[in-house]
Structure formats: C-alpha cells, structure tokens
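Chains as they are written, first to last, in this note's numbering: chain A, -16 to 228; chain B, 8 to 223; chain C, 8 to 223; chain D, 80 to 297; chain E, 80 to 297.
Don't be surprised by glycine CBs; every beta carbon is placed ideally from N, CA and C.
Since we're looking at a predicted model, the values are computed, not measured.
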Amino acid sequence: AESRSDSADDYLLVSAAVSLSGPLEIVAGEFEQMFGTRVELNFAGSNTLATQLIAGVEADVFLSADERQMTRVETAGLVEASTRTDLFSNQLVVVVPTDRMGVVSNVSDLSTSRVGRIAIGDPDAVPAGVYARRYLQFAGVWESVRSKVVLTRDVRAVLAAVETGNVDAGFVYRTDLALVDRATMVFAVPTVGRPEIRYPGAVLTLARGRPAARRFLDFLGEPVTRRIFETAGFIVLARGTDHAR
Amino acid sequence: MFTVPFVLDFVLQQGEFTLQIHERFEASSVSLCGPSGSGKTTILDAIAGLRHPEDGRIEIANRVLFDRSLGTDLPPRSRRVGYVPQDVSLFPHMSVLGNVMYGTARGSPAPLESVIKLLEIEPLAGRRVNELSGGERQRVAIARALMSSPDVLLLDEPLAAVDIKRRERILLYIQQVRDELLVPMVYVSHAADEVRRIADRVIELDSGRVMATQVE
Amino acid sequence: MFTVPFVLDFVLQQGEFTLQIHERFEASSVSLCGPSGSGKTTILDAIAGLRHPEDGRIEIANRVLFDRSLGTDLPPRSRRVGYVPQDVSLFPHMSVLGNVMYGTARGSPAPLESVIKLLEIEPLAGRRVNELSGGERQRVAIARALMSSPDVLLLDEPLAAVDIKRRERILLYIQQVRDELLVPMVYVSHAADEVRRIADRVIELDSGRVMATQVE
Amino acid sequence: MPGDLVDVTLFSVAMAGLSTVLMLVPGLALAWLFARHTFPGQSVLETVVSLPLVLPPVAIGLILLRFLGRYGPGGQLLDEIGVDVIFTWKAVVVAMTVMGLPLLVRSARAGFEHVDRRYEQIAETLGASPVRIFLTISLPLAARGVLAGVVLGFSRALGEFGATIMIAGSLPGTRTLSTAIYTSTQTGRDTEATIMLLTAASIAFVAVFVSNRLATVE
Amino acid sequence: MPGDLVDVTLFSVAMAGLSTVLMLVPGLALAWLFARHTFPGQSVLETVVSLPLVLPPVAIGLILLRFLGRYGPGGQLLDEIGVDVIFTWKAVVVAMTVMGLPLLVRSARAGFEHVDRRYEQIAETLGASPVRIFLTISLPLAARGVLAGVVLGFSRALGEFGATIMIAGSLPGTRTLSTAIYTSTQTGRDTEATIMLLTAASIAFVAVFVSNRLATVE
Ligand SMILES: Nc1ncnc2c1ncn2[C@@H]1O[C@H](COP(=O)(O)OP(=O)(O)OP(=O)(O)O)[C@@H](O)[C@H]1O
Ligand SMILES: Nc1ncnc2c1ncn2[C@@H]1O[C@H](COP(=O)(O)OP(=O)(O)OP(=O)(O)O)[C@@H](O)[C@H]1O
Ligand SMILES: [Mg+2]
Ligand SMILES: [Mg+2]
Chain A
-16 AESRSDSADD YLLVSAAVSL SGPLEIVAGE FEQMFGTRVE LNFAGSNTLA
34 TQLIAGVEAD VFLSADERQM TRVETAGLVE ASTRTDLFSN QLVVVVPTDR
84 MGVVSNVSDL STSRVGRIAI GDPDAVPAGV YARRYLQFAG VWESVRSKVV
134 LTRDVRAVLA AVETGNVDAG FVYRTDLALV DRATMVFAVP TVGRPEIRYP
184 GAVLTLARGR PAARRFLDFL GEPVTRRIFE TAGFIVLARG TDHAR
Chain B
8 MFTVPFVLDF VLQQGEFTLQ IHERFEASSV SLCGPSGSGK TTILDAIAGL
58 RHPEDGRIEI ANRVLFDRSL GTDLPPRSRR VGYVPQDVSL FPHMSVLGNV
108 MYGTARGSPA PLESVIKLLE IEPLAGRRVN ELSGGERQRV AIARALMSSP
158 DVLLLDEPLA AVDIKRRERI LLYIQQVRDE LLVPMVYVSH AADEVRRIAD
208 RVIELDSGRV MATQVE
Chain C
8 MFTVPFVLDF VLQQGEFTLQ IHERFEASSV SLCGPSGSGK TTILDAIAGL
58 RHPEDGRIEI ANRVLFDRSL GTDLPPRSRR VGYVPQDVSL FPHMSVLGNV
108 MYGTARGSPA PLESVIKLLE IEPLAGRRVN ELSGGERQRV AIARALMSSP
158 DVLLLDEPLA AVDIKRRERI LLYIQQVRDE LLVPMVYVSH AADEVRRIAD
208 RVIELDSGRV MATQVE
Chain D
80 MPGDLVDVTL FSVAMAGLST VLMLVPGLAL AWLFARHTFP GQSVLETVVS
130 LPLVLPPVAI GLILLRFLGR YGPGGQLLDE IGVDVIFTWK AVVVAMTVMG
180 LPLLVRSARA GFEHVDRRYE QIAETLGASP VRIFLTISLP LAARGVLAGV
230 VLGFSRALGE FGATIMIAGS LPGTRTLSTA IYTSTQTGRD TEATIMLLTA
280 ASIAFVAVFV SNRLATVE
Chain E
80 MPGDLVDVTL FSVAMAGLST VLMLVPGLAL AWLFARHTFP GQSVLETVVS
130 LPLVLPPVAI GLILLRFLGR YGPGGQLLDE IGVDVIFTWK AVVVAMTVMG
180 LPLLVRSARA GFEHVDRRYE QIAETLGASP VRIFLTISLP LAARGVLAGV
230 VLGFSRALGE FGATIMIAGS LPGTRTLSTA IYTSTQTGRD TEATIMLLTA
280 ASIAFVAVFV SNRLATVE
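Given below as structure tokens:
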C-alpha cells in the first residue's frame, strides 16, 4: 500500500467480500499476468468494506456479498454510474452435523422436536440470514422454528456451530461446502420463486476513471474466470465482453 | 531462675558470608553481641526459620526446630517464636491494634491489657502504623511478638529507637514476662548494660564466628 | 569553632499531634532529644522540606528554607540537606555504590575515598542493599548523605544500629566533616554521651514542645 | 429501543460482573503462583493463560466452540451433567471470563511481586497459615495491582465481542452491549450505536470512579 | 504460504513492537499522573483512556476511521501534511497503539502506586530533579507493574483484530497474523489458520519468557 501512486494505471485496490477470497485470489493473479496491473485485495465482511468506503478509503472496485451494502455505497455517491452489475449468485443450503444426517431431510423436519437449535446468520448483519429467514417464512415454518433459531455474526460461524455439534442444522451457502469436513448438506433451498442471492460489483468513483478498474470488473465475466468461480460453487451471472481483451 | 537447653549448632552460607556457630548450653536468656555484620540477625532469622542453615541443628527448650541429619526443618509458623525483627516490619496496611493482635490466633499468653499498658500503646491503638514515630513502631513490634504466645522470644535490638526511660521500664517488663511465663529469649543489642541486665549467657560474634561466650 | 545562625520557629500539625518550636540561636551542631514521639523526626522532616509547617520560619546559616509570611517554601531538592532518615530508606534497587553516589550530581564535598574508607563501605560497594545488615545499612545512608555536598546534615539516630567501636570512629569523622567543611548539623539521638560529644546546643522536646535548651 | 437498551445494559453489566467474580479465584491463584514460585513448564502455562489476549478473539471463539461443542471434551462433560452452555447466557460468561482472565492474572501478579516478602515471613512467624497470610497480608498489600487487574478484567469483559458472538450468538437472551453495538453499526443505525457507545462509556466511567474510591479507602 | 507466513509474522511482531514503544511515553506519563495526582476531570480522562478496552474493537475502529478518514478532522490534517495513514502500515500501528494503551496505563499505574513515596522524597533531598527521580527511582521501583503493562500492551497489539481490519484493511502491506488468521478461518483454510495460531502462540511464549528473564535480572 506504501507504493501507491495516484496517476498510474498499474495498481488497483479491490475491496471484496471475504467469502470471495478463494477464487478471487487466483483471478487477481491471472489478471496481473495478463494486464500487468497489480491487484491488491482487501478482504473483510461486506459491511466493514462499505463502512470503510463511506469513510473515504480509496478503493477502486467493490465486490459485495450483500446488495444492501452496495446500495449503501451507491447512495453515498461512491459508485461509478452504470458499472454496478450482479456478478455472482449463490445458493442457500442446509447442513447438519455429519453424524446426525438422518434427522433432517426437508424443511418441515426443521420444526420437529428432533431438531434442537438452528443457526442462521444474523439478518441484521449478513444477507445469508435474510435469505434464510425469508425462506423459512415462505416455507411456513418460521413461527415454529423461531425459538430454536440462533443468530451468528457470519456464515462461517454457522458452519462452525454445525461442525462442532452445537446446533443441529444451519443455513450456509453452497460455496461454503468446500470448507466443511464434519458437516453434510441435507438439502438445498430451491431457487425458484425465492429471491435470488446476488453478489454485486461496481467501479468506484474514487477510481477516477482508471480503465484498469473497469477492465477488472469485466474480467470477472471472462470464460477463464467463470470457470474458477464455478469450481468454487458460485453461479456466475456476469457476461464477459471482448473489449477488455 | 528457670533455664532451658539451647542447641545453636549450625553452618549457614549467604553470599560471601559464612556463619558458623556450635553452642550447646542451658540458659534462660542468651544475648548475641558483636560488630555490625557479624551475624546476629542471621542467627535470629535461622532460629525463626526464615533462613536455612546448610547443616547442623537448632533446638530450644527440647523442641527441635531444625536438624539436617534428621531432615527436620519446621516451618516458621510451627516454631512458635515471638520475633521482633531489626527492621521492625509492622504490617503497613493494618492499624496498631491489628498488628498487635495478629498473632493472638494461636492463644494469648501475656494479658493484652498489661502489654498495651506497659508499652504505652493505648493512645496509638487505632492509628495507622505509617504514622508512628520510630520508637512507637518498635514498641508495637514488641507487643505483637509478646501477644503471639511464643515459646521463645527473639529480640533484635528491640529498644534501639526507644528513649532511655521507657527502655528501662520495657526491659523490666520483658524480664518479667520471661520469668513468669517461662519464655526463654535470644536478645541482640549493642548496649552493654542491656545485655548484662537481661542475659545469663552472652555469645560474642565476629565475622560469623563465635569469639567468646560468657556466663553472667 | 564555627557557628551559624539557626531559626527553628514554626508550628506543625499532624493528626492529633502539634509541634511547636520557637528557637533562634547560633550553633554548629544542634541535638534534638526527647522521648519517643516527642517530635524529633518531625523537625528534621520539616527542615528537609518533607513535611510542611502551618506557620513560622526555618532558616539555617542565613538560608531561608521556609517562611510562611514571605511565602517561601523551598522544594527539598533546593534545600541542600544531607538527610540520614531514621528509617534509613536506602534505594532498594541500587547497589551500595549507587546509593552512595546518588547525590554527588550536585558536586562532591567530602572526598569519596575517605568517606568510603571511614564508614568501612569498600567491601560492600557492589552489594545489593537488601543483603546488608542493619548497621551496614546505616553506614551506607551516612555515606550517601555526606557525599551529597550538603549545606546542613540532618542525622536521625544514625548510629542506633552501629556497634560501639565503629560508632566512636564514625562520630569522630562526622565531627571532622563538620569542622573542616563547615557543615552545621542537626543530630537526633537517645544516647546521652553522643549528644554531649557532638552538639553545642541541645534542645529537649516532649510532646511536641521544647522543654529545655542547653548550651554545652 | 429504550426499554431494550436498559435490558441489554443491565444484562451486560451483570454478565461482566459475574465473569469478573469467576475470574477472581483462578486469576488470583495463578497470579500468586507465577509471582511466588518457579516451576518447570511455568512459561508454557503462562503462555496458555495469555493466549486469549494474543490470539484474535474470533480464534478463541472457535477454539471454545470446539471445546464446548458436542465433540469436544468440555461439551461431552457438560452433556453428561445436562448443562447447556453454547448459545445461552452461560456462553457469554465463559467468553468474558476467558478473555478477561489474562489481564487479571498479569496485573495481580505484578501486585504480588511488589509485596515485600518480609511481611509474609513475619506473619508466618506469628503462626499464620498460608491461607491466612495470603488473605490478610499478601492480598491487601497487593491491592493496587489486584484492583487494576479487576478493573481491566471487568472492562475487557464488557468490551468483549469476537468470542462472545461466536459462542453465544446474538439472541435476545445473549445480546450484550458490545454485540448490540456491532449489529447497529453493521446496519447503519448510527444513533442507536452512538447511544449504546455512550452507555458503555458511562459504565466505564462508573467503574473507574468506583475503583478510585476503593483505592483511597484501602 | 511459508514465505508469506514469515513475512506476516515479522511484520506483526515489528508493528506490535513499534506500537509498544509508541505507547510507552504517553502510557507512562498518564500512569504516573493518575498514580500521583488528583485533579478535576481525572475520572473523565481515565475513562477516555480506558474506552478502547470497554468498547468493542469494531466500534473503536469505526471511530478511528471517522476521525482519520478523509472527511475526519485528523484525516484532513494528515492530508495537509501529506501523510497517508488509513490502509497503510501506519494504520496498523495506530490501531495497535490505541488498543494496547489502556492496558499499559492501568498496569503501570498500579506499579507506581506500589512505590513508597519515601524513596522519592529522599531522592529529592539529595538534589534530584523530578525527571531524574522518575527515571532513577519511581520507574525502576515500579518495574514489575510497568513490565506487566508492557507485556499486556504488546500482547494486545499482537492479538488486535477488530480495529486493525477496519482502518488498515487486510492488504499485502497491512496483513497481520490476526487479520490473516481471520481470513483463513473465513475461507476454511484450517491448516493455514492452525499454523498461524501456533505461530502467534510461539511469539507469546517468547514474550512471556523474555519478560520473566527481564524480571529476574532487575
Ligand atoms: N541476604 C543476604 N545475602 C548475602 N549476604 C547477606 C545477606 N544478609 C546479610 N548478609 C551479610 O551477612 C553478614 C551478617 O549479617 P547480619 O545481618 O547477620 O549482621 P548483624 O550481626 O545482624 O549486623 P548488625 O548489627 O549490623 O545488624 C553481613 O556481612 C551481611 O552483609
Ligand atoms: N504522618 C503522621 N501523621 C500523624 N501523626 C504522626 C505522623 N507521623 C508521626 N506522627 C506522630 O507525631 C508524633 C511525633 O513523631 P516523631 O516521629 O517526630 O517522633 P520522634 O520524636 O522522632 O520519636 P522517636 O524517637 O520514636 O523516633 C508521634 O506521636 C507520632 O505518632
Ligand atoms: Mg542485625
Ligand atoms: Mg523519630
């Protein structure tokens, strides 16, 4: 960060949701090789990133796991008009501790007495929590599971709670499944009719029109990049354009 | 006059200083004399169990306090000594009365009133000890030791900061305690008159060795 | 023999104890006598600037240290006193030499070698002060005061724990320092012989008041 | 919110207070041990005690979650005696206690180290048992250091967030000022966050004030 | 990763060390002030100093970000003198220093309170200036408390996460062990996280060991 030079187009600061870090590190490497622009990745929760941007942190690109946080930044006038795009999608899945696999196989099982606690992200802080709650409401079980639901700081904490056997079920993203070893997915939350989970990205006004920022955003839709994200479990929404090449 | 057997027969090393004493005798009060740094305080600390001889035996009134060959080394709290250390060491966070009463848990020997009266502690009782004069502190330390129902009194220049008139009275009182309650004592002082008055055995030390012993 | 004017004319209140002294005289050494708790240490502390009179004036050798009506109250570090306190108060984290040299920053009066030799400190120089005997500590405290190039020496029972032979030699030496370097002093002691030997003015205190003054 | 705020505040203070009380016995025992003894493995034990300070709180939270979880040794024990900890108020207390302990231990230890052993020795010659010496001599003479440790431990407990939210979650029954402040800042409810920050600051003020009072009394 | 780990470790230790050094002057000055003086508004000042401990780190990070950010008063000042803090290593140092300071102050203060004023007085009669007295008498006699404060401050700096990630981010040039551990746990790189936790624990061990050595020397 020391060597940042304002004018040059050889450096990009990308603030990205920590859940994207695995594939994004690979992609950033590829981008550097291809375009010679150094990419520094700042990973944190989307909300932390938004707060930083609003306080004046000079990032060039914002990749959020949460539409609300992108909107916060946009409202603050920090998003370059017309660059906001939905890049990725994800799917909510229900995981249980591996040794209790038989207990849950569909959503109505969650309200039975055999299921103790259910962990979801705190809807106030993480979008996964919002999605999970909406789904439970839609499935008509929210009222009956409500008292069993524990709210966590992030999806990672849901996973940790399930893996350590402290809850009997939890709502995480499909992309998180790569990380688990003592939890097993029992069913995926159907996408049809459900609000779609979107990871928006945008070039920030602070990028001062650097073409590299735009190029990086576009690069996320390139076929080679798509594959990397798909391997990690993401659904890639962005469409690649050829003008970047 | 009552006497008890004393065995002060040990070797103690601290830094470059070696204390060697090999005395066995009967006495009611022993006095330790000798120049500064000759080992007087070291002997009292060894009797109290606060410093540990390399070798030898310490026995007073048929109670073995330390014996290397038997593996005996009573902890200080079982030695039942009433120690007035040279540095006084009043407990700074307690009142005068708190200090005086600290050792009474093991049963009171000298009656509180007479101790307090004779050492003129009454008017100080509620005071904080760091607001006392030097002589007042020493008197409190003596009272604290007397009140702890000791089997032996260890007094390290207990009257150095006390004025002459009081010194006289307190000396008499200490002798009285010794004789009535049959408490033998070991007394350290630079004042020749005190030594002569109080002790029936005088051990003269120099550089950690016994130079002479006298029976008064 | 040289003399300097002394003004010890002040009132000091601490707790329930009131000190009242109204003395003006010429002397080279003043001695303060009196029973335990009569106010001797309080006077030395007031001269050193460590306790503060309610009212009055303290002046030694034409230097006004305290004067309520003039609003003068020199901080201790400007009073140039060489204080040997009753509680000795060696700096526990320094070596003997570190203690002795602490005050030399303001220019050395007595030559180091002679102080160290006479107080027999040489063999102790590198030792930690908490490994010293009572008498050794007092000698170090005297050396520390002498080495600080004082305008007045304040000695609070400086030889209480020192053996008689050494006491003799040290007394002689202190007198010599006084007479050769013209340093007046205030000396507190319970030993009548010491007092007579060293002081040309004796102030007798009781309960914070002057009972008598004698010129020797 | 106002009623809620009162609840959350009281709950936080109660939990932090309870944690501080729970820290005391092991904390003072360890402080005493480290100050007065040397034994093999001492540095290792000291390191273990200080880990909650050195490692990021999230990591401590994860470790506690493992330990107290169904497959952890602590969790199995708790299961046997039928006590539920994780995601209850008890987890709040566990997190606060663990995170505050190293501060209490270090500070109280320095307090004990400042006590002149001579006093303990003299007390021993007066027949006092080790426990009595500890309670009547060492502890009161180390009071400044111990008090500092208690204030630090309590403050840390109050400010604890990372480990708490990991093992206690953010539920109506486990929400502390710290976790509530986090949630407010995350959702951009700045006024609410500010009110809670000021509340926490006021508690700190009271703690500072009381501890200064205690120090002058003693 | 191995090369990276070495870098991140060295960087963390260097930043925590630097922060500890930076804490020292204000920390000891405040500790001394609180120990030896009473003045109006003292409790308020003490509370302010202790806030980084009482408030959740995220909140402190947020406050620092507001203050040092482009639109904050501190940020504008820094802008004028052309110094870049946010998202640089300097922000890491700021976060660590602010979070560690209350621990140093409290502990050192207790150390000073344990020092018998009589020694300071005698030093004054020997002509020593206040600064000399502080350096040669008060500070060394308070050494146990001060050392405890330094160890606590350093450890806290090392473990700092919440405020660091807020104002320094987690960039190649600002990544500390704590923020790296966070990222690893978030992305399920458990082995990596474990290695880093062990590294942090080892540093803590060395710190404990060195501080014990220092304590016996002095
Ligand atoms: N902890 C210690 N470590 C090393 N040497 C010590 C220690 N304590 C005392 N000494 C040395 O041992 C010798 C005897 O000390 P001790 O205190 O017994 O003398 P003393 O006869 O009581 O003298 P005084 O009349 O001055 O009190 C002295 O030379 C002293 O310096
Ligand atoms: N800080 C204090 N606060 C209140 N009273 C005190 C304080 N210091 C001393 N005193 C009291 O003042 C009186 C005089 O004390 P001072 O120390 O001057 O006596 P002294 O003449 O030096 O006695 P000694 O010969 O025993 O040393 C004593 O009664 C003592 O209890
Ligand atoms: Mg002695
Ligand atoms: Mg006196």
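Per-residue burial, residue i [other beta carbons within 10 Å of its own, 16 or more giving buried]
i	result
serine 378 of chain E	Given a span of 80 to 297 for chain E in the structure shown, any question on residue 378 of chain E remains unanswerable.
valine 14 of chain B	buried
glutamine 120 of chain A	exposed
phenylalanine 213 of chain E	buried
tyrosine 114 of chain A	buried
methionine 245 of chain D	buried
lysine 172 of chain B	exposed
isoleucine 160 of chain E	exposed
tyrosine 150 of chain E	exposed
leucine 142 of chain A	buried
asparagine 277 of chain D	What sits at residue 277 of chain D in the sequence shown is leucine, not asparagine. By the neighbour-count rule (16 or more Cβ atoms within 10 Å), leucine 277 of chain D is not buried but exposed.
Contacting residues, own chain, Cβ-Cβ under 8 Å from residue i (five flanking each side not counted)
i	result
serine 96 of chain C	Ala148
threonine 79 of chain B	Val71, Leu72, Phe73
serine 102 of chain B	Ala132, Gly133, Arg134, Arg135, Val136
tyrosine 261 of chain E	Phe240, Ile244, Ser249
Straight-line Cα distance separating residue j from residue i
i	j	result
glutamate 271 of chain D	glycine 248 of chain D	20 Å
glutamine 183 of chain B	threonine 176 of chain D	57 Å
valine 1 of chain A	aspartate 49 of chain A	12 Å
valine 91 of chain B	histidine 100 of chain C	25 Å
isoleucine 67 of chain C	serine 85 of chain C	13 Å
leucine 147 of chain E	valine 230 of chain E	27 Å
valine 186 of chain A	arginine 197 of chain A	6 Å
glycine 5 of chain A	leucine 112 of chain E	50 Å
valine 104 of chain E	methionine 275 of chain D	32 Å
alanine 110 of chain D	leucine 124 of chain D	11 Å
isoleucine 54 of chain C	arginine 188 of chain D	39 Å
glutamate 199 of chain E	serine 36 of chain B	41 Å
proline 42 of chain C	leucine 237 of chain D	56 Å
glycine 304 of chain A	proline 110 of chain A	Residue 304 of chain A is absent from the model: chain A starts at -16 and stops at 228.
Backbone secondary structure at residue i - three-state DSSP
i	result
asparagine 25 of chain A	strand
arginine 228 of chain A	Note that arginine 228 of chain A scores 37 on pLDDT, short of 50, meaning its location in the model is unreliable and no value can be drawn from it.
leucine 205 of chain E	coil
serine 38 of chain C	strand
leucine 162 of chain C	strand
Any non-hydrogen atom of ligand 6 closer than 7 Å to residue i Cβ
i	result
phenylalanine 24 of chain C	Ligands in the displayed structure: ligand 1, ligand 2, ligand 3 and ligand 4; ligand 6 is not one of them.
Own chain, CB closer than 6 Å to residue i, minus 5 neighbours either side, in chain order
i	result
alanine 219 of chain C	Glu211
valine 88 of chain B	Ala55, Pro157, Val159, Leu161
leucine 143 of chain D	Ile246
Beta-carbon contacts of residue i that lie in its chain and below 7 Å, excluding the five residues immediately before and after
i	result
serine 186 of chain D	Gly224, Ala227, Gly228, Leu231
valine 171 of chain D	Met94, Thr243, Ala247, Thr253, Thr255
Any chain F beta carbon closer than 8 Å to residue i
i	result
isoleucine 171 of chain B	Of the protein chains in the structure, A, B, C, D and E, none is chain F.
- Can you list, in chain order, the stretches of the alpha helix (DSSP H) that have 4 or more residues and sit fully within the stretch 201 to 267 of chain E? 209 to 212, 222 to 238, 241 to 247, 256 to 265
- Query: Where in the stretch 18 to 69 of chain C do unbroken runs of the alpha helix (DSSP H), each at least 4 residues long, occur, reported from the N-terminal end onward?
  - Reply: If we require 4 residues or more, the alpha helix (DSSP H) runs fully inside the stretch 18 to 69 of chain C come out as 47 to 55.
- At which residue ranges does the stretch 136 to 184 of chain A contain complete alpha helix (DSSP H) runs of 4 or more residues, listed in the order of the chain? 138 to 146
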